[in-house]
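S.K.:
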Ligand code: ARG
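Here you go:
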């Protein structure tokens, strides 16, 4: 007779390969705490409803205390032949307390058990992700506060566009990350319904109380459809999509760090702790962490796509395809957590080079729009005409190898004779950035206001 927990109708053992492809304990052992919590709530409810005796429940609870101790002490004997965490916990319980352990699985299936554990795990992971993102926001806001007036080139198409402030640039990421946190908390809210009691797929004939187990586990309510409860993995997909989007934001910032720390940009320097050297080129300081963050965004997006692919053609209800949901999700959260922490470390400790940023901001005729705006304001030109006149002045400056601010007034007057010395007041990069005072604009004034608001929101200072 088969030795497995489900072995009653089997005469032979599974082959080694069958065991290897089927076992998930190497992955789902991370849900040991959630599994014990789910079993505690279930057993309490069974006793409360008169389905098992108080004495059995007491034996089960004290056995689960022991299991928990072993898990926490690292002495719990995880066994691959027991497939997964659920059967490992139950089998250990049986060794510890004997017969009452066999009553725990009344009115329950691994199908509702696994997804209960998984929802609990994901809920915790989403909350940790938000905490990590908040720490990154704090780091960005602190650096933005120091650099509210640091002028740098703003780009579109990676071509010099208009001067901006570094503080403004960093706060753009703070905004993105706030939405990332919002997506995590939305996912956590929506996932917070209890599948426990759905049993295998159809519910159970035992007079269980699903509200009681839902409440004991911190869920808002029991899921209303037992088929949905055991089949649905959209909570994991939604969580992975939130992570994939957030990782995309980290990757964009990582890419900028790679650019900024190059000798050609020289806008920033990573601290020694966040740089790596080359085995052959002695001068190198490589931004490996930033590069890895870029790659990890692709991995996380892939984990989302893998799970979506596994689920999209699954008929209801449970199928074993769903076992790999946890591997993908755990890896995505691990990878994401590491990325956020590495980014936080880099941001906290990197040094900026305001002189190089300022010099770069002055290149590429970055104040041409200011000149056109000046023509509109002072000479009442239509903007389209001002755009054309400015374009001609830029062409001359380019031909002479000069910045706009260094071009003699007489030269500009060959294009527009009404121009006066006043024009130079708008051609410096500082004046340009300072002039953009519209709400959400790049001026040091507006940026400092935003920094103050973020400091309050994040509880800084
Ligand atoms: N280890 C399984 C999983 O992660 C638990 C559920 C097994 N259910 C079943 N009917 N075989 O999906």
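In the UniProt record's numbering, the protein residues as written are 7 to 467. Glycine is no exception: its CB is placed at the ideal position from the N, C-alpha and C atoms.
Where do the N-terminal and C-terminal ends of the alpha helix (DSSP H) with residue 44 fall, by residue?
M.R.: Where residue 44 is concerned, the enclosing alpha helix (DSSP H) stretches over 38 to 54.
S.K.: Taking three-plus beta-carbon pairs below 8 Å as touching, is the segment 378 to 398 in contact with the segment 280 to 299?
M.R.: These segments do not touch.
S.K.: Based on Cα-Cα distance, which residue from 369, 463, 272 and 325 lies nearest to residue 4?
M.R.: As shown, the chain starts at 7 and ends at 467. That puts residue 4 outside it, with no answer to give.
S.K.: Enumerate in chain order the residues of its own chain whose CB-to-CB distance from residue 53 is below 6 Å, with the five nearest sequence positions on each side excluded.
M.R.: So the list reads 60 and 63, once near-sequence residues are dropped.
S.K.: In three-state DSSP terms, what is residue 159?
M.R.: Of the three classes helix, strand and coil, the one that applies to residue 159 here is strand, per DSSP.
S.K.: Buried or exposed for residue 51, going by 16 or more other Cβ atoms inside 10 Å?
M.R.: By the neighbour-count rule (16 or more Cβ atoms within 10 Å), residue 51 is buried.
S.K.: Specify the secondary structure class of residue 289 as computed by DSSP and reduced to three states.
M.R.: Note: residue 289 maps to coil in three-state DSSP.
S.K.: Would the beta-carbon of residue 219 fall within 8 Å of that of residue 209?
M.R.: Not in contact: residue 219 and residue 209 (Cβ atoms no closer than 8 Å).
S.K.: Where does the unbroken alpha helix (DSSP H) through residue 165 begin, and where does it stop?
M.R.: Run containing residue 165: none in the alpha helix (DSSP H); it sits in the beta strand (DSSP E), 165 to 171.
S.K.: Nearest to residue 261 by alpha carbon, out of 229, 20 and 303?
M.R.: Looking at the Cα atoms, 303 is the closest of the given residues.
S.K.: Taking the alpha-carbon positions, what's the residue 266 to residue 164 distance?
M.R.: The alpha-carbon atoms of residue 266 and residue 164 are separated by roughly 12 Å.
S.K.: Any contact of the segment 454 to 466 with the segment 136 to 150, i.e. 3+ C-beta pairs under 8 Å?
M.R.: Yes, since at least three Cβ pairs between the segment 454 to 466 and the segment 136 to 150 fall closer than 8 Å, the two stretches touch.
S.K.: Which residue wins for smallest C-alpha separation from residue 255, given the options 272, 305 and 182?
M.R.: Minimum Cα distance to residue 255 is reached at 182.
S.K.: By the 10 Å Cβ neighbour count, where 16 or more other Cβ atoms means buried, how is residue 17 classified, buried or exposed?
M.R.: By the neighbour-count rule (16 or more Cβ atoms within 10 Å), residue 17 is not buried but exposed.
S.K.: Examine ligand 1 and report whether any of its heavy atoms sits within less than 7 Å of the Cβ of residue 117.
M.R.: Residue 117 Cβ: within cutoff of ligand 1.
S.K.: Take the Cβ of residue 75 as the centre, count every other Cβ of all protein chains shown within 10 Å, and call the residue buried at 16 or more, exposed below.
M.R.: It is exposed - the Cβ of residue 75 has fewer than 16 other Cβ atoms within 10 Å.
S.K.: Mind pulling the alpha helix (DSSP H) runs of 4 or more residues that sit fully within the segment 356 to 435?
M.R.: Here the runs fully enclosed are 360 to 368, 374 to 385, 389 to 406 and 415 to 419.
S.K.: Within 10 angstroms of the Cβ of residue 7, are there 16 or more other Cβ atoms? Answer buried if so, exposed if not.
M.R.: For residue 7, the pLDDT reaches just 45, beneath the cut-off of 50, and the residue's location in the model is therefore unreliable, leaving the point undetermined.
S.K.: Would you mind stating whether residue 217 and residue 201 have Cβ atoms separated by less than 8 Å?
M.R.: Their beta carbons are not under 8 Å apart, which means residue 217 does not touch residue 201 by this criterion.
S.K.: Report the option in 222, 275, 233 and 190 whose CA atom is closest to the CA atom of residue 247.
M.R.: Per the Cα distances, 190.
S.K.: Rounded to whole angstroms, what is the Cα-Cα separation between residue 431 and residue 437?
M.R.: Residue 431 and residue 437: Cα-Cα distance of roughly 7 Å.
S.K.: If you draw a straight line from the C-alpha of residue 85 to the C-alpha of residue 118, how long is it?
M.R.: Looking at the two C-alpha atoms, the distance is approximately 22 Å.
S.K.: Tell me the residue span of the alpha helix (DSSP H) that contains residue 33.
M.R.: Taken as a continuous stretch (DSSP letters only), the alpha helix (DSSP H) holding residue 33 covers 31 to 34.
S.K.: Is it right to say residue 414 is buried, meaning 16 or more other beta carbons lie within 10 angstroms of its own, or is it exposed?
M.R.: By the 10 Å Cβ count, residue 414 comes out exposed.
S.K.: When the distance is taken between beta carbons, is residue 170 closer than 8 Å to residue 373?
M.R.: The answer is no: Cβ separation not under 8 Å.
S.K.: Please list the terminal residues of the continuous alpha helix (DSSP H) segment that includes residue 89.
M.R.: No alpha helix (DSSP H) contains residue 89, which DSSP labels as neither H nor E.
S.K.: Run the proximity test for residue 275: is its beta-carbon closer than 7 Å to any non-hydrogen atom belonging to ligand 1?
M.R.: No, the beta carbon of residue 275 sits no closer than 7 Å to any heavy atom of ligand 1.
S.K.: Do you know whose CA, among 40, 89, 56 and 90, lies nearest residue 70's CA?
M.R.: Here the closest residue by C-alpha is 40.
S.K.: Assuming residue 81 is part of the alpha helix (DSSP H), what are its boundary residues?
M.R.: Here residue 81 belongs to no alpha helix (DSSP H), and DSSP marks it neither H nor E.
S.K.: Unbroken alpha helix (DSSP H) runs of length 4 or more, entirely within the segment 248 to 275: which are they?
M.R.: Taking only runs of at least 4 residues, no alpha helix (DSSP H) segment lies wholly in the segment 248 to 275.
S.K.: Indicate the three-state DSSP secondary structure (helix, strand or coil) for residue 449 in the structure shown.
M.R.: It is coil, neither helix nor strand.
S.K.: Considering residue 233, what are the terminal residues of the alpha helix (DSSP H) in which it resides?
M.R.: That run of the alpha helix (DSSP H) goes 232 to 237.
S.K.: Following the continuous alpha helix (DSSP H) through residue 467, name the residue where it begins and the one where it ends.
M.R.: Where residue 467 is concerned, there is no enclosing alpha helix (DSSP H), given that its DSSP letter is neither H nor E.
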